[in-house]
Each structure stands twice: as C-alpha cells, then as structure tokens.
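Numbering (the UniProt record's numbering), first residue to last: 1 to 312.
So the structure is just underneath, and the comments pick up after that.
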Amino acid sequence: MQLSFLRYQSIQFSSCSLPILRRLNFNTFNIQTQRWNSAETKQHTIIDAWGQHPTLRHIQDPIFDSLRRWTKGLTSTETPNISSTVAALDAAGVDRMLISAWYAPNNIMISNDEVFDFVSQSKGRLVGVGSVDITRPMLVMREIRRCVEKFGFKAIRVLPWLFQVPPTDRRFYPVYVACCEMNIPFCTQIGHTGPLMPSEVGRPIYLDQIALDFPDLTIVAGHIGYPWTDEAIAIATKHPNVYIDTSAYTIQRYPPALIEYMRTHGRSKVLFGSNYPMISPAKALEGLDGLGLDEKTRALFLSQNAARVFCI
C-alpha cells in the first residue's frame, strides 16, 4: 500500500534516528554554527544538492571531452584544492554542498576515501555522498556500509549512463537494498547525458518500477530529466519517496512544466543543485527571482527539502 505524503514525511525525519547516528563517527563532522553569506544579504539558507570536488583524473577523463565545449570548469591542469570549492560556495552564498564520489566500471574517478578527506577539510561546508561499482555486487553492501558508518556519508549516487544500463538492471538492486538498510537516499541522474553516451538509460520512467519495488527507498533524481521532464514530474508526483534536483541546469533553462510544478503541488519535491564544477553555484542561482516563488516555496527549494531528505 502506498504511503500518504504526510506519513512519508514522518518517515523521512525518522531516518535520522538515534540507532543510525550512534553508529556514526562524530569526529568526521566539524559543523560550524557560523552563517556564510554572499556580498548581498541572504534571506535563506542554501544547500546545493549535487556537486563534486573533483580530482584531476576526474576533470581530465576523456569521457568529459564533449562537456569541455560548454564550460571552462572542466579544463583544470592542476589538482583543485578545497579552498577553491569553498570560495565558489561563498561567491553564491551557499552554506553547504553535497559532493559525490564517481565510480564507473573499473574506473574510480573520485574515490569514497577522497570524498571523506575533502569533507574533513571543509569545516562543515561539504557533505559526503558515496558511490559504488555495480559490476562488483559482492562489494556493494560492504562499501555502502563503510560510507555510512565510517565516513558519515548522507547518500549513495550511481549514474546509469556510466554503466550503460537502466536503474532497473538487476545489478542496481543490491544498492537499493543497502540504502534501505542504512536509511540513506539513492541519488541518480535522469535525462540526456552531456558526455557522448546513450541517454535512454536516463528515462525517468524507469524509477517508477524502482519506487514500486522499494517503497521505503528515498530517490533523488538529478538533472531534471530533460527532455523527459514531464515523466520526471509524473513519477515524483506519484511516489512520495521520489524527488527531483535541478543540477546541471541554469534557471533560465528550467522547462516551464518544472517551474509550474515547483510553484504548486511539487513545492516539497524539488531541490536546488548546481553540478559544480560544470556550473558554479552562483551561475546556477542567477535569475532566482524570476521563478516567482513565494518565500515559503523558495526556502523549500533552496534548502529545506534537501535538509529533510538528506537529514543534514
């Protein structure tokens, strides 16, 4: 039986329950009570739901050659340091950003250990999101447990296009089981791919089956699902455990259907994301006033939805 939205919200809060928190190493967190602001006065806390602090091998991977036509954010020849990422947050008035590991078949572009190191250096500004190689299913549960219990990560992200299979592929299912057991969201990409890889595996409709098979699994679908944004909205509307984040798109490129969804019955289902370093948080936030969001909806979009979903 499908859970009501209100009941689901209570489940979301319970995912931060003490049994899970007791297993975490609180020394991995250095949360500051200080508020970070841009030059202009900030009215809302801002959480960026999708970013990366890249390694040099991640930035220079040939798979991103097509993206280099669009952005200078993936052209670095020096290893990025944490201060550059924190400076990008400061420039946009972003308080915290979730940063992800990147695992592809037999290719670790950003490891979980590296993400933990980045988070540890950030003084509370960065929040870890782990990843796994689904072609090695025997290691999936062990690695996800390590990400949560040892590193304090708040989600796991796996991108179907990197493996060229849809999220309904049987190799994803150990990930879903582990995420349910550890009470953390599963994050993924929906929509077409910027890299020259098949896009069909990013059809949002695949998540319908996942949400049916795993009603307790929280799913955060990034990159808005274009050109299938209507599909993404339909799935997020149907399932209380499915969310959309706006990463990889500037506000000027949001489809009208998504904006209408954010203003109305999807106010609690859409999270702000940038996909840094491809798009800086400041660039991703340009034109925010033009969305026509009331103050409550703006707060939900910029931080409250992410804080609730990721328990941060």
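We treat Cβ as the ideally placed atom computed from N, Cα and C, and that holds for glycine.
When the Cα atoms are used, residue 175 and residue 99 turn out to be separated by approximately 19 angstroms. When C-alpha distances from residue 109 are compared across 211, 191, 291 and 159, the shortest belongs to 159. For residue 112, the enclosing alpha helix (DSSP H) stretches over residues 112-121.
At a Cβ-Cβ threshold of 8 angstroms, residue 143 and residue 112 count as neighbours.
Shown here for residue 180: same chain residues with a beta carbon closer than 7 angstroms to its own, the five before and five after excluded, namely 214, 216 and 217 in chain order.
In the three-state DSSP reduction, residue 50 falls in the strand class (E or B). In this structure, DSSP gives residue 275 a state outside helix and strand, which the three-state scheme calls coil. Three or more beta-carbon pairs separated by less than 8 angstroms are not found between the segment 223-232 and the segment 282-302, which leaves the two stretches without contact.
Cβ neighbours of residue 242 within its own chain (closer than 7 angstroms, five residues either side excluded): 207, 211, 219, 221, 235 and 236. Comparing alpha-carbon positions, the option among 203, 140, 272 and 90 lying closest to residue 167 turns out to be 203. Per DSSP, the unbroken beta strand (DSSP E) holding residue 188 starts and ends at 186-189. The beta-bridge partner set that DSSP reports for residue 245 consists of 271.
Closest in C-alpha terms to residue 85, from the list 136, 115, 104 and 269, comes 115. Around the CB of residue 239, 16 or more other CB atoms lie within 10 Å, so the residue is classed as buried. The alpha carbon of residue 133 has as its nearest neighbour, out of 255, 87, 300 and 102, the alpha carbon of 102.
Judged by beta-carbon spacing, residue 147 lies within the 8 angstroms limit of residue 130, meaning their Cβ atoms are closer than that value. By the beta-carbon neighbour count (other beta carbons within 10 angstroms, threshold 16), residue 126 is buried. Annotated three-state conformation of residue 259 is helix, per DSSP.
8 angstroms or more divides the Cβ of residue 187 from the Cβ of residue 145. Residue 223 and residue 258 have their alpha carbons spaced roughly 12 angstroms apart. Distance from the CA of residue 194 to the CA of residue 247, rounded to the nearest whole angstrom, comes to 12 angstroms.
In the DSSP assignment, residue 83 falls outside any beta strand (DSSP E) and within the unbroken alpha helix (DSSP H) covering 82-92. Shown here for residue 292: same chain residues with a beta carbon closer than 7 angstroms to its own, the five before and five after excluded, namely 263 in chain order. For residue 306, the enclosing alpha helix (DSSP H) starts and ends at 305-310.
Straight across, the Cα-Cα distance linking residue 50 with residue 275 is about 5 angstroms. Here residue 225 is buried. Its C-beta has 16 or more other C-beta atoms within 10 Å. Going by DSSP, residue 101 is part of no beta strand (DSSP E) at all; its letter is neither H nor E.
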